[in-house]
Amino acid sequence: MNYTDTRQKAIKWMVERGWKNKWGKRGEFTQSLLQHTDVELNALCVLLPILSEKAHYGLSEHEQQSLIVGTIAHDVGKETPEWQRYVQLPDEQQHGKFVPHIIPSLTEAVVPELVSLFGFNPSIAIDAVAFVNLHMAAARSTTSLLGTITGKTQITQGSNRWNVLA
Numbered sequence: 784m785n786y787t788d789t790r791q792k793a794i795k796w797m798v799e800r801g802w803k804n805k806w807g808k809r810g811e812f813t814q815s816l817l818q819h820t821d822v823e824l825n826a827l828c829v830l831l832p833i834l835s836e837k838a839h840y841g842l843s844e845h846e847q848q849s850l851i852v853g854t855i856a857h858d859v860g861k862e863t864p865e866w867q868r869y870v871q872l873p874d875e876q877q878h879g880k881f882v883p884h885i886i887p888s889l890t891e892a893v894v895p896e897l898v899s900l901f902g903f904n905p906s907i908a909i910d911a912v913a914f915v916n917l918h919m920a921a922a923r924s925t926t927s928l929l930g931t932i933t934g935k936t937q938i939t940q941g942s943n944r945w946n947v948l949a
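Just so you know, we're using the numbering used here here: the sequence shown kicks off at 784 and counts up by one.
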């Protein structure tokens, strides 16, 4: 897999969505959504060859592609005007006004777009959506986990290691 090409396509996609001018993290330092996602994708691209070795996790091509798409899409909900307004509030005004950034309908719209962009097999979308929707501890509710385990949410069709990968 050509990680340089993957990064270039991802960056172009993020720039077109305006992520360069949207906040992704705020705290001791502020990162744009593009910067944050690019850092995450860079780390993944460095780790994938290691994690794919049999001595480590032995990630399949399907799992690697799902992780690439899931990593790019993991904070897509932060591009919404609601989340952007929230993250820019002073700390004291944020209390009690939490705005979630995991929006399953947005994830389900974006993931197939990314799968197509990279020319990946469409079957990876199921796992990528699962990774995005379960990547935050707050999203891993008893209901969402049981739905995944019992297969009621169509998440585990590509990899049975969705929890580890998420």
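Quick reminder that beta carbons are idealized off the backbone N, C-alpha and C, glycines included.
Item                                                                                                                                                                      : Value
Are the stretch 866 to 878 and the stretch 819 to 837 in contact at 8 Å, needing three or more beta carbon pairs?                                                         : no
Which residue's Cα is closest to the Cα of Leu917: Asn825, Gln818, Ile885?                                                                                                : Ile885
Between the stretch 841 to 854 and the stretch 817 to 824, do three or more beta carbon pairs fall short of 8 Å?                                                          : yes
Going straight from the alpha carbon of Arg800 to that of Gly841, what length do you get?                                                                                 : 33 Å
With distances taken Cα to Cα, identify the nearest neighbour of Ile909 among His819, Lys808, Gln848, Gln877.                                                             : Gln848
Got a sec? Which residues, its chain only, sit under 6 Å from Tyr786 by beta carbon, not counting five neighbours each side?                                              : Cys828
Can you list, in chain order, the residues of its chain with a C-beta nearer than 7 Å to that of Trp866? Leave out the 5 residues immediately preceding and following it. : Gly860, Val882, His884
According to DSSP, which residues form a beta bridge with Ser815?                                                                                                         : Trp806
Counting only the same chain and skipping the five closest in sequence on each side, list residues whose C-beta sits under 6 Å from that of Lys808.                       : Gln814, His819
Does DSSP put Lys935 in a helix, a strand or coil?                                                                                                                        : Interpretation of Lys935 is limited by its pLDDT of 45, a score under 50 that renders its predicted location unreliable; no figure is taken from the coordinates.
Closest to Asp858 by CA distance: which of Leu900, Pro887, Gly879, Val898 is it?                                                                                          : Pro887
Under a Cβ-count criterion, where at least 16 other Cβ atoms within 10 Å of its own Cβ denotes burial, should Lys805 be classed as buried or exposed?                     : buried
At the level of alpha carbons, what is the spacing between Val898 and Gly810?                                                                                             : 32 Å
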